[in-house]
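S.K.:
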């Protein structure tokens, strides 16, 4: 998934953040998550609220498009694809247009290149990285958004979420789907049996891990077969430890991966990655575990799951849904602990980008920028919107509701996933670049200097020196 796939996936900095405000956002997230219960509100309450059981009036006016047809490409599969198709169905109902979903392969930019070379580009593509948006613009594929879509964005999105969809000052992307990637999910029964508590700092996380280990359960499950999960681990540690300014500079390759700040972050990561007994299956097992399995093995097995905790974003809930565990009761969550002065707030997302300019394609971009579209998918679960005008009550459970509220409350004070801001060759290709270098580091976490050299060599080649 890269998050979804990875959705939930890249990130550019949305403006300069002060540590104080970032700390406030992270603190609000911590309070919100620990206050979560597990169930939905009662049906009557949901029916009485905007975004609940009763359909709200349309907030955006769309043109009549009878006879028009559109193709929308995305890498989404399974439930995620099915839920998005329901959003497209509403667009069809309101406009009369016919929309076809085109399943794409990851990396989607390569898929689009082949479609465009064959003279059959989709009208709209959902791109999971700012780097991919820039590539699409640089290649002349992407078309600027029209006035109506830009207006809708201005009304519904913070400046930061608008800016990461811009290239050269022009708006090209609508960030329809977001991810809060600063979360650690845990098996509540394991924590209860061990007498463990939710940590707020990295040192406390190490103490919690030891407590879980001493109780007879392996502390962490890591989906190391998917290199993007490892980049997310690094980004949270680096943002909290090195700070937002250095995070921005490393994301742009303005400082090298041989910088002392990277050494410090990798050394910190090794405090967990280097403890083979702390990882389900050890490093070898982690490198053979794909992301979905890293989640499900944490919430199956009764009192003896393969691990007590798993790190990743809000989209983990989709995979928990494949087990018998209930989010909010059996499966709980806490914010990624502070490694430095403040806890990190790292996000990702998928943006709608117009490839074939037309009235219908621009109307779809406008619709996806509205709270109407996002509310439909929010109700279905496994989805998070950066749209600040989506009612929190639209989300199907308290955990997801609070995660959504915290993301919106952060405003511009977040950082977008670093690897998604990088050129695809470095930050978004399986078996290459940062993904491969961090997989190698997970295999041998004592070799910090070697990992830095590999990362810098790959980055220099991808960024052009």
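In the working numbering, the protein residues as written are 17 to 481. Glycine included, every Cβ here is placed at the ideal spot set by N, Cα and C.
If the criterion is Cβ atoms closer than 8 Å, does the pair residue 78 and residue 382 meet it?
M.R.: yes
S.K.: Put residue 35 into one of helix, strand or coil per three-state DSSP.
M.R.: Only weak support is given to the placement of residue 35: the predicted model assigns it a pLDDT of 31, under 50, and the question is left unresolved by the model.
S.K.: Specify the secondary structure class of residue 50 as computed by DSSP and reduced to three states.
M.R.: A caution first: residue 50 carries a pLDDT of 45, below 50, which makes its placement in the model unreliable, though a value can still be read off. When secondary structure is reduced to three states using DSSP, residue 50 falls in the helix class.
S.K.: Look at the Cβ atom of residue 414, then the Cβ atom of residue 329, and state whether they are nearer than 8 Å.
M.R.: Result no, Cβ atoms of residue 414 and residue 329 do not sit closer than 8 Å.
S.K.: Could you check the C-alpha separation between residue 212 and residue 340 for me, to the nearest Å?
M.R.: One C-alpha to the other measures close to 22 Å.
S.K.: Beta-carbon within less than 6 Å of residue 37's beta-carbon, same chain only, minus the 5 sequence neighbours each way: which residues are those?
M.R.: Any answer about residue 37 is weak, because its pLDDT of 32 lies below 50 and its placement is not dependable; what the coordinates show is given next. The residues are 429.
S.K.: Mapping the DSSP letters down to three states, classify residue 431 as helix, strand or coil.
M.R.: Assignment of residue 431 by DSSP, reduced to helix, strand and coil, places it in the strand class.
S.K.: Can you tell me where the beta strand (DSSP E) holding residue 363 begins and where it ends?
M.R.: 362-370
S.K.: Using only the alpha-carbon positions, how far apart do residue 324 and residue 400 sit?
M.R.: Cα to Cα, residue 324 sits roughly 25 Å from residue 400.
S.K.: Of the residues 435, 446, 88, which one's Cα is nearest the Cα of residue 265?
M.R.: It is 435 whose Cα lies nearest to the Cα of residue 265.
S.K.: Go through the segment 278-343 residue by residue and report every complete run of the alpha helix (DSSP H) that reaches 4 residues or more, in order.
M.R.: Listed in chain order, they are 298-303, 307-312, 332-336.
S.K.: Any contact between the segment 221-233 and the segment 182-196? By contact I mean 3 or more CB pairs, one from each, below 8 Å.
M.R.: Two segments are said to touch when three or more pairs of C-beta atoms, one from each, lie closer than 8 Å; by this definition the segment 221-233 does not touch the segment 182-196.
S.K.: Can you round the beta-carbon distance between residue 158 and residue 120 to whole angstroms, since I take them to be within the 8 Å contact cut?
M.R.: Beta-carbon to beta-carbon, residue 158 and residue 120 are separated by about 15 Å, too far to satisfy the 8 Å threshold.
S.K.: Is the segment 286-302 close to the segment 193-212, with three or more CB pairs under 8 Å?
M.R.: no
S.K.: If we call anything under 8 Å between Cβ atoms a contact, is residue 194 one with residue 364?
M.R.: yes
S.K.: Cα separation between residue 105 and residue 460?
M.R.: 49 Å
S.K.: Where do the N-terminal and C-terminal ends of the beta strand (DSSP E) with residue 88 fall, by residue?
M.R.: 85-90
S.K.: Check this for me: beta carbons of residue 123 and residue 131, under 8 Å apart or not?
M.R.: no
S.K.: So what does DSSP say about residue 145, is it helix, strand or coil?
M.R.: coil
S.K.: Going by DSSP in three states, residue 157 sits in which element: helix, strand or coil?
M.R.: coil
S.K.: Start and end of the alpha helix (DSSP H) containing residue 350?
M.R.: Looking at the DSSP string, residue 350 is not in any alpha helix (DSSP H); the run it does join, the beta strand (DSSP E), is 347-351.
S.K.: Under 8 Å, do residue 127 and residue 101 count as touching if we go by C-beta distance?
M.R.: no
S.K.: Just the C-alpha distance for residue 142 and residue 362, rounded to the nearest angstrom, thanks.
M.R.: Rounded to whole angstroms, the gap between the alpha carbons of residue 142 and residue 362 is 20 Å.
S.K.: With a Cβ-Cβ cutoff of 8 Å, do residue 388 and residue 174 count as a contact?
M.R.: For the pair residue 388 and residue 174, the CB atoms are not nearer than the 8 Å cut-off.
S.K.: State the CB to CB distance for the pair residue 398 and residue 334, rounded to an integer number of angstroms; the pair is presumed to be in contact (CB under 8 Å).
M.R.: Indeed, because the Cβ distance is near 4 Å, the residues count as touching under 8 Å.
S.K.: What number of angstroms, rounded off, separates the C-alpha of residue 162 from the C-alpha of residue 453?
M.R.: 40 Å
S.K.: Select from 367, 256, 267 the residue whose C-alpha is nearest the C-alpha of residue 189.
M.R.: 367
S.K.: Would you kindly work out how many angstroms separate the C-alpha atoms of residue 135 and residue 373, rounded to a whole number?
M.R.: 15 Å
S.K.: So residue 451 is in the alpha helix (DSSP H); what residue range does that whole segment cover?
M.R.: Its alpha helix (DSSP H) spans residues 449-459.
S.K.: Give the DSSP-derived three-state secondary structure of residue 254 in the structure shown.
M.R.: helix
S.K.: Following the continuous alpha helix (DSSP H) through residue 172, name the residue where it begins and the one where it ends.
M.R.: 163-172
S.K.: For residue 160, I'd like the list of residues in its chain whose CB is within less than 7 Å of its CB, leaving aside the five on either flank, ordered along the chain.
M.R.: 186, 187, 188
S.K.: How many Å lie between residue 228 and residue 352 at the Cα?
M.R.: 17 Å
S.K.: Hey, residue 384 and residue 254 are a contact pair by Cβ (cut 8 Å); roughly how many whole angstroms apart?
M.R.: With a Cβ gap of about 31 Å, residue 384 and residue 254 do not count as contacting.
S.K.: Could you tell me how far apart the beta carbons of residue 202 and residue 418 are, in whole angstroms, since I believe they sit closer than 8 Å?
M.R.: The pair is not a contact, with the Cβ atoms about 16 Å apart (cut-off 8 Å).
S.K.: For residue 465, I'd like the list of residues in its chain whose CB is within less than 6 Å of its CB, leaving aside the five on either flank, ordered along the chain.
M.R.: The answer is none, since no qualifying residue turns up.
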